[in-house]
Amino acid sequence: MSTRSVRHCFAMVAALVVGLVANNAAVAQQPVGPAEWQFSLTPYFWAAGLSGTAATSNPHIPSQNIQVGFGELLSEVDAIPYMGAAQLCRGRFCLAADLMVLSTKTSFATRNVLFRGGMSEMTELSATILGFYRVLVAEDQWLDLGAGVRPWDTTSRLTFHPGLLPGFSKSFSVSWADPLIAVRYHLDLDERFGLTGYADIGGFGVASRITWQVFGTLDYRATDWLVLSAGYRHLQTDHTAIGIRTNLGQSGPILAATFRF
8 MSTRSVRHCF AMVAALVVGL VANNAAVAQQ PVGPAEWQFS LTPYFWAAGL SGTAATSNPH
68 IPSQNIQVGF GELLSEVDAI PYMGAAQLCR GRFCLAADLM VLSTKTSFAT RNVLFRGGMS
128 EMTELSATIL GFYRVLVAED QWLDLGAGVR PWDTTSRLTF HPGLLPGFSK SFSVSWADPL
188 IAVRYHLDLD ERFGLTGYAD IGGFGVASRI TWQVFGTLDY RATDWLVLSA GYRHLQTDHT
248 AIGIRTNLGQ SGPILAATFR F
């Protein structure tokens, strides 16, 4: 999806939001959220594969296509990944945070006698931190608008095993943060089941050229304090660092459990 197409979609969403708010002014007089502070914690599992391109500014070096399935990625995981979200709400306002930490390790061949292969280790941390305001509430649905930031931190270490030359290791790290705007919507289907949709867009050339994310889930309210969810999620980021431009997407099914306190 091009940058123009993504922005066009968000413009359509914004127009829809304005229409909904205008047509539901009377409904907005109803209670819109908990009168007291309410906290929720959501551990989740995202079986995401990786796809995209990587290119340098050197015209003599062709861009590289990247296709890594979830199974391949899982085989290189070096530690138990952390995936979780938390939210604090009161009235119309919510503060939400989502954090993912993934560490991978893989060996590689050098195809010469100077070194006897090597090892690549990488730890990637990404987070999404947003403040939301509930602009629409009805008996069976609600709509939030939000703004915030998506920070990234990637640390890599390359180790070359000794061959004719002595071995060595080199480490480097890259960090940045992208501003975001976001929208999320929930619809109750009945007393137990519901649908939730979320979308954000950001970067705007501040750090990344663009970053955007969408996901949708089918939710099941098992109890007043536990909601189980299943759906699909996609996260896309176009960013340039250390002379390499990467346009990468992560996509896959997601399972989550939300505990309300």
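Be aware that the sequence shown starts at 8, since it is given in the working numbering, and climbs by one per residue. Even for Gly, the Cβ is constructed at its ideal location relative to N, Cα and C.
Check: Collapsed DSSP secondary structure at F211 in the structure displayed; Outcome: coil
Check: Alpha-carbon to alpha-carbon, T117 and R199; Outcome: 56 Å
Check: Residue range of the alpha helix (DSSP H) that includes F268; Outcome: No alpha helix (DSSP H) contains F268, which DSSP labels as neither H nor E.
Check: As assigned by DSSP and simplified to three states, the class of G56; Outcome: strand
Check: Contact between the region 156-172 and the region 124-132 (3+ Cβ pairs under 8 Å); Outcome: yes
Check: Rounded separation between N72 and Q220 - CA only; Outcome: 21 Å
Check: Endpoints, the beta strand (DSSP E) within which G76 is located; Outcome: Where G76 is concerned, there is no enclosing beta strand (DSSP E), given that its DSSP letter is neither H nor E.
Check: Segment contact, 8 Å Cβ cut-off, at least three pairs: the region 186-201 with the region 153-160; Outcome: yes
Check: Proximity below 9 Å, CB of G259 to CB of T244; Outcome: no
Check: Exposure label - W53; buried when at least 16 CB within 10 Å; Outcome: buried
Check: One or two residues paired with R97 in a DSSP bridge; Outcome: F100
Check: Three-state secondary structure assigned by DSSP to L81; Outcome: helix
Check: Identity of the residues DSSP links to P186 by a beta bridge; Outcome: V156
Check: DSSP state of R240 mapped onto helix, strand, coil; Outcome: strand
Check: As assigned by DSSP and simplified to three states, the class of R216; Outcome: coil
Check: Beta carbon of G201 nearer than 9 Å to that of H168; Outcome: no
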